[in-house]
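Everything on this sheet refers to the single structure shown next.
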Amino acid sequence: MKIGVISDTHGSAAAFKEVVEGLFSDVDFIIHCGDICYHGARNPLPSGYDTSALARHINEISIPIAICKGNCDSEVDQMVIKHPIMSPYLIFQFGRLRILAHHGHLFSDQEISALTNVWGISLCISGHTHIPRLEKQGSTFFLNPGSPSLPKGEK
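The numbering of the sequence shown is our numbering, which starts it at 8 and goes up by one.
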């Protein structure tokens, strides 16, 4: 099974569509780690900012998608997106792979490390920082895909 991971689209329909049609063209499942529609008061408007089109793309996508709530997501977003988006974290089991997905703003690194140990997590996915990250701590991989619309850090 191939899993596509995305986070922090912040309303950019263009960025979401580019990732889905390019990198995710052959994935079986998508995990979105939050901050879907709103760009946030600290961020500029991203290129391709069109929240209605983004919601439409998410609703019409043929690939199964699971979304966790980011700090910029609201009940209003849930009204236009047909997939549940209000859970602060999600846990998936794919064979022997156990995945924890969350946005990254609610738990400290120490809390997440403890939770991954207690819950037997193989892969912990988060967003929030907009900075791509992949590292292994013990038996757990930690992945942050960065942001396709408002990237920070090195690519």
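Each residue gets a CB set at the ideal place from its N, CA and C atoms; glycine is no exception.
Report yes if the CB atom of residue i is closer than 8 Å to the CB atom of residue j, and no otherwise.
i	j	result
Gly127	Gly111	no
Cys79	Asp42	yes
Cys44	Thr58	yes
Pro152	Ile13	yes
Gly55	Ala108	no
Ser120	Gln144	yes
Ile98	Ile72	no
Gly102	Ile138	no
First and last residue of the beta strand (DSSP E) that includes residue i?
i	result
Asn151	147 to 151
Lys143	140 to 144
What do you get for residue i, buried or exposed, if any count of 16 or more other CB atoms within 10 angstroms of its CB means buried?
i	result
Pro155	buried
Asp35	exposed
Phe149	buried
Leu61	buried
Leu130	buried
Ser146	exposed
In three-state terms, what does DSSP make of residue i?
i	result
Gly160	coil
Uninterrupted beta strand (DSSP E) stretches inside the segment 18 to 65 (no shorter than 3 residues): For the segment 18 to 65, the full-length beta strand (DSSP E) segments reaching 3 residues or more read 36 to 39 along the chain.
Entirely enclosed alpha helix (DSSP H) segments - the segment 61 to 137, minimum 4 residues: For the segment 61 to 137, whole alpha helix (DSSP H) runs of length 4 or above, ordered along the chain, are 82 to 87, 116 to 126.
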